[in-house]
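One structure below.
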Amino acid sequence: LDSRPGEPRSKRLYIVRHGESEHNVSDVHAFGDNGEHEHLFDAELTTAGHAQAAALADFFAANPVELAIVSPLRRAVQTYIGAFPCPPRQMVTEVWPLLREHLTDSCDIGSSPVDLQEAFPRRDLRFGMLPTVWWYVDGETSTSDPLDSRERYREFGFMEPESIFEARVDECARVLRTRREERIAMFGHSDFCNALLERHMGVEDKWLENGEVFPIDLPPIDPVREHKEPSRHHHYHGHGHGHGHRGHGH
7 LDSRPGEPRS KRLYIVRHGE SEHNVSDVHA FGDNGEHEHL FDAELTTAGH AQAAALADFF
67 AANPVELAIV SPLRRAVQTY IGAFPCPPRQ MVTEVWPLLR EHLTDSCDIG SSPVDLQEAF
127 PRRDLRFGML PTVWWYVDGE TSTSDPLDSR ERYREFGFME PESIFEARVD ECARVLRTRR
187 EERIAMFGHS DFCNALLERH MGVEDKWLEN GEVFPIDLPP IDPVREHKEP SRHHHYHGHG
247 HGHGHRGHGH
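In our numbering, the protein residues as written are 7 to 256.
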């Protein structure tokens, strides 16, 4: 993190992929996700996933951070809780919908802020500022009824367009660079982490395992994208409604 006086400083990121989820171990990878399994919407961690999350506590005890940012999807929130069972007073925690996964499967459709606050009634987790529907929806899906997303997905299927997903990743990097904190833990997802690393830190084809921490510096100015083509086709590991298999999964 060294820099000359007056120069912007890099930020140390600890990028965390959530622990193993119920969706990760489901059979939709082989047969396609058509939304028929209710428990896979906003899927929670498995027993193994909770253990992976709890194993992160020692890492963050040895590597304290000033800020923790968390995707509102349940599997990411549960991973954060495992990593910080008793969050230090000096650490700020914020729930960022920007960090949500690329919506390609039922697990990427979230829960309402009211349901999240009821499920996770911790002082450090505040969901009240989230919109009622904070995940991607297409033009035919309600932005006021969270359950409509699930019904629409079952009936028709929809995906977050790649261009919208990439713009969201870029916005996340921009906001991160504006923060005063220099040591930041980020609790997110496979495709999102891969895209952030590739588009803003020059790390190609890095797919985090469940419960993995990837420490890396985020440069204050993005040297990778300044001379990069605007966009190239990215082979995301998620696939949409009733299609193919997921690869590494969300």
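Note that the Cβ used here is the ideal one computed from N, Cα and C, for glycine as well.
Next item on the list: Could you tell me the boundaries of the alpha helix (DSSP H) in which Thr184 lies?
Entry: Glu168 to Thr184
Item checked: DSSP beta-bridge partners of Ala191 -> Tyr20 and Ala74
Notebook entry, point to check: Skipping 5 residues on each side, what residues in its chain have a beta carbon closer than 6 Å to that of Ile87?
Noted result: none
Check: Which residue from Pro93, Asp114 and Ser118 puts its Cα closest to that of Arg129?
Finding: Pro93
Note to self: For a minimum of 4 consecutive residues, which ranges assigned as the alpha helix (DSSP H) are wholly contained in the stretch 101 to 166?
What the structure shows: 119 to 125 and 152 to 161
Next item on the list: For Ser32, name the three-state secondary structure that DSSP assigns.
Entry: coil
Next item on the list: Report the three-state DSSP secondary structure of Phe47 (helix, strand or coil).
Entry: coil
Margin query: If you reduce the DSSP assignment to three classes, tell me which class Ile87 lands in.
Written below: helix
Next item on the list: Using DSSP bridges, identify the partner residues of Ile227.
Entry: Ile227 pairs with nothing; no bridge assigned.
Item checked: Buried/exposed call for Gly145, threshold 16 Cβ in 10 Å -> exposed
Check: According to DSSP, what are the bridge partners of Val98?
Finding: Leu73
Next item on the list: Quick one: grab the DSSP three-state call for Asp64.
Entry: helix
Next item on the list: Using the Cα positions of Ser150 and Ile115, report the straight-line distance between them to the nearest angstrom.
Entry: 14 Å
Check: Taking the DSSP output, what are the residues bridged to Val219?
Finding: Val22
Notebook entry, point to check: If you compare alpha carbons, which of Glu187, Gly217, Glu28 and Ala82 is closest to Leu46?
Noted result: Glu28
Margin query: Count Cβ pairs between the stretch 158 to 175 and the stretch 48 to 64 that sit closer than 8 Å; are there 3 or more?
Written below: no
Item checked: Burial state of Gln84 (16 or more Cβ within 10 Å) -> buried
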